[in-house]
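Enquirer: Got a structure for you, questions after.
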Amino acid sequence: MLSLGLYFTVGSINFSPTERADTSLSFNSHALVVLKPTAEDGEIEILKEFEDKANEKLQMPPVVKIRKDEQKVLDIDPALQGYSDAKFVFTDITYGLSNKERLVVVRDPDGTLREASMQEHCRTSQLYVPMLGRQLTPPPMFQEEYLKCKLAFCKTIADECQPFLQRFQTSKPMTPYLFEAVEKLLRYLMNRCVKPDLMKCTGPKLLSIDTKKSENLILSKNIDIGFATKRLLGETAITVTERQKLEFIHECRSMLTTMIAKLQEKSPLKQKAVRGLSSLDPCVIQHSPQLAQKRFSFLLEELNHANIINDVLAENAKKEYLHFCNLKKSELQEIFRPCDQFSDEVGLDTIYGSFLIGDANYKHLWEVIKICLVLSHGNATVEGGFSVNKSLLVENMHEKTVIAQRHIHDEIQEAGGIKNIHISKKMLDYVRGARKRYHEYLEMKKQEKSEKDKKKAEKRKLDIQLLLEQGEYEFILDRACVQFEPDDPEYHRVTQATYDHIDNCHKYETLRSTRHFGPFAFYLAWHRQIDNLILESIHTDRLDEAVALIQLFHILNPESKSASVAYSSQQVQFVQAYVKSDAVKKSMLELALQTFMELQKQRQEVEEGIQKAHLCKV
């Protein structure tokens, strides 16, 4: 670890006891001067306390390597496997230990006793020995903006879609309900962003509304984003401008329009058969018998055109359906009493079958209804296999293992039992090569993890971009010092992003008089990126700082060509040696040095002229 105190000096001035004993702290871009009077013992203690606090505030963050997240396995006890599905964490609470020295171990559900990961170690240490200012989770400044608002908006939309998905996640015949349910869902989403005068249409006409055209949408500020999202968005009023809020709401509108467009594209409302199937919906028959008869005619036409039913069956079924709809209201209520549109516990096949089967007056109608009720409304049968998967699951089972076991289970069921499985030579050869395929799989997963980590790192770069653009460099670095240990990968990620932004924007003055300037200079020298800072030092007449920076560069990069040049109080020549041998921006630095020397020469001539004029007057 190397801490560098660059570009400031500490001095002291002593007063005589007869002089007034007062204390002041003076800062400028070059020097920190602490005035220490000689006074009474009580005042000396106060001054010492003041000096200690000043030194603490000016203490620079250390520059250390990133620690590796190594989890050493200490013991494996198979007897504890399955004892609990939770991890047990043990920590040393000895007083006086630093968090880095504190031992934290974890007992996994499979009986493995290991050292805690970095995340587990930091979280446990903060729980038992909390550090002032540090949080259990990184603060919002290191997280994505509007995360809570986005989650709240997504939850609002998901809560409305969930009942539809749950209702149709069954193997019972549900196609007669599909038309009304999809229209209701689509209308709900469109009411949030589409102009009210366009929402007067019904059914398939909703599909003709183009949500990609802005003239069909209400203004972004009037979008219905839900009560929870509005409340959370209001809580961000302190840190977020009105323009940023409007941008967020505009993103919500884009999400809604994209979702609506996808529903319109894939919507079953396009199909006449789906509209016709709604004629079997008990609610439509009871409350809108004329509409039901019209839709049943559509259904018969579609079935007849598809050669599923002949002309005679279609005519007879239409007559019987008309007779069925003209039954007394009390009779229809009695027939459909078991049917509840909110529960669907009793299927339509049971309801219609209990009334129509065996009745010669409705035999043709029953034939058509049987054909309609076997039409699929989704993947409920396939997804019902999840219950089978549940019986196969054990703790810590990987997704691919579940799939493999399900394949085995289905094959055994298909064969009629495990005793009926034929062990072939091909199967034996496949088992022999299992180890090789396992190693190939591990290598593939390693490559996937590496690519995923790279993408994750790219995303994290955007999280603090807003603060960087606002120039809050010292705040970011101070907050990183509190939240992370100096060897934490997150600390290095945040500080490096900040240093690079400062260097690219040439905002060196924001750190020059802070404790972070030393690590910043170290970072630039270590990565051989000191040209911009040297250029700024020359332009601001700080050639001594440029010399100090080059000396640091030589210490960290002894193999550099200019490292062999010793400094001999000739600042310009020393900088010129670096520019000639190691600089990347040679032309810019040479021009800056030439300008600097010309200014120095002019200053010297002016001073000599003033001295001559002064001597002549004397």
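At position 581 of the sequence shown the residue is numbered 567 (this note's numbering), and the sequence of numbers has no breaks.
We put the CB at the ideal spot given by N, CA and C, even for glycine.
The structure displayed is predicted, hence computed values, not measured ones.
(1) Exposed or buried, what is Y338 when buried is set at 16 or more other beta-carbons lying within 10 Å of its beta-carbon?
(2) Please give me, in chain order, every unbroken run of the beta strand (DSSP E) with length at least 3 that falls completely inside the segment 88 to 159.
(3) Beta carbon of I294, beta carbon of I355: below 8 Å?
(4) With three or more beta-carbon pairs closer than 8 Å as the criterion, would you say the segment 32 to 50 touches the segment 504 to 523?
(5) Any idea if I211 is buried or exposed, counting beta-carbon neighbours within 10 angstroms, 16 or more meaning buried?
(6) Return yes when at least one heavy atom of the ligand MG lies under 7 Å from the C-beta of E29, else no.
(7) Using CA coordinates, which residue listed in M413, E35, V260 and L266 is at the minimum distance from E288?
(8) Which partner residues does T77 have in the DSSP bridge list?
(9) Would you list the one or two residues that DSSP bridges to D61?
(10) Just to confirm, is the Cβ distance from S554 to S567 under 8 Å?
(11) Classify T581 as buried or exposed, calling it buried when 16 or more other Cβ atoms lie within 10 Å of its own Cβ.
(12) Applying the criterion that 16 or more other CB atoms from any shown protein chain within 10 Å of the CB defines a buried residue, is R498 buried or exposed?
(13) Give every residue of the same chain whose Cβ lies closer than 6 Å to the Cβ of L66, excluding the five residues on either side of it in the sequence, and list them in chain order.
(14) Starting from the Cα of S206, find the closest Cα among K258, C238, Q250 and F560 and give me that residue.
(15) When DSSP builds the beta bridges, which residues end up paired with L342?
(16) Among the candidates H487, H540 and T500, whose CA atom is the shortest distance from the CA of N518?
(17) Buried or exposed: which applies to H425, given that a residue is buried once 16 or more other Cβ atoms fall within 10 Å of its Cβ?
(18) Distance, Cα to Cα, E29 vs E228?
(19) What residues in its chain sit with their C-beta under 7 Å from that of P472, if we drop five residues either side in the sequence?
(20) Grab the span of the alpha helix (DSSP H) containing Q399 for me, first residue to last.
(21) What separation, rounded to the nearest whole angstrom, lies between the Cα atoms of N177 and N202?
(22) Rounded C-beta distance between L538 and A511? I'm assuming under 8 Å.
(23) When you compare only the Cα positions, how much space is there between D196 and A247?
(24) Strictly by DSSP, which residues pair up with V180?
(25) Please classify D8 as buried or exposed, where buried requires at least 16 neighbouring CB atoms within 10 angstroms.
(26) What residues in its chain sit with their C-beta under 8 Å from that of E400, if we drop five residues either side in the sequence?
(27) Between which two residues does the alpha helix (DSSP H) containing C238 stretch?
(28) What three-state label does DSSP hand Y459 in the structure shown?
(29) Around the C-beta of D527, are 16 or more other C-beta atoms found within 10 angstroms, so that it is buried, or is it exposed?
(30) Less than 8 Å between the CB atoms is what I'm expecting for F150 and A167, so what's the real figure, rounded?
(31) Along the chain, where does the alpha helix (DSSP H) containing P275 start, and where does it finish?
(32) For the alpha helix (DSSP H) that L299 lies in, which residues bound it at each end?
(33) How should E594 be labelled, buried or exposed, when 16 other C-beta atoms within 10 angstroms of its C-beta is the threshold for buried?
(34) Hey, how far is the Cα of V332 from the Cα of M160?
(35) Could you tell me if Y427 is buried or exposed, where buried requires 16 or more neighbouring beta carbons within 10 angstroms of its beta carbon?
(36) If you reduce the DSSP assignment to three classes, tell me which class N41 lands in.
Expert: According to the structure data:
(1) By the neighbour-count criterion, in which 16 or more other beta carbons inside 10 Å mark a residue as buried, Y338 falls on the buried side.
(2) Runs found: 90 to 93 and 98 to 101.
(3) For I294 and I355, no; Cβs fall outside 8 Å.
(4) Yes, the segment 32 to 50 is in contact with the segment 504 to 523.
(5) Its Cβ being crowded by 16 or more others within 10 Å, I211 is buried.
(6) In the structure on display, the ligand MG does not appear, and there are no ligands present to speak of.
(7) That would be V260, whose Cα lies nearest to the Cα of E288.
(8) Paired residues: V90.
(9) Per DSSP, the beta bridge partners of D61 are L99.
(10) In this structure, S567 does not lie closer than 8 Å to S554 by Cβ.
(11) Exposed.
(12) Buried, by the Cβ-count rule.
(13) Only G97 meet the Cβ criterion.
(14) Out of K258, C238, Q250 and F560, C238 has the C-alpha closest to the C-alpha of S206.
(15) Under DSSP, no beta-bridge partner is assigned to L342.
(16) Selection H487, H540 and T500 evaluated against N518 yields H487 as nearest (Cα-Cα).
(17) Within a 10 Å sphere around the beta-carbon of H425 sit fewer than 16 other beta-carbons, which makes this residue exposed.
(18) Taking the straight line from one Cα to the other gives about 52 Å.
(19) Excluding positions up to five away in sequence, the list reads P47, P48 and V50.
(20) In the DSSP assignment, Q399 falls within the alpha helix (DSSP H) that extends over E385 to A401.
(21) Here the alpha carbon of N177 sits roughly 12 Å from the alpha carbon of N202.
(22) About 5 Å separates the beta carbon of L538 from that of A511, a gap short enough to meet the 8 Å contact definition.
(23) Distance between the alpha carbons of D196 and A247 is about 8 Å.
(24) Beta-bridge partners of V180 (DSSP): L203.
(25) Annotation note: pLDDT 39 at D8 (below 50); position unreliable, no value reported.
(26) If we look at E400 and ignore the five residues flanking it on each side, it has no Cβ neighbours.
(27) Unbroken alpha helix (DSSP H) run through C238: E228 to K252.
(28) Looking at Y459 - three-state DSSP - the assignment turns out to be helix.
(29) By the 10 Å Cβ count, D527 comes out exposed.
(30) 6 Å between Cβ atoms; contact.
(31) First-last of the alpha helix (DSSP H) with P275: P275 to H291.
(32) Looking at the DSSP string, the run of the alpha helix (DSSP H) that includes L299 is D297 to C311.
(33) So E594 counts as exposed.
(34) CA-CA distance, V332 to M160, rounds to 11 Å.
(35) Counting Cβ neighbours within 10 Å, Y427 comes out exposed, since fewer than 16 surround it.
(36) If DSSP states are grouped into helix, strand and coil, N41 belongs with the helices.
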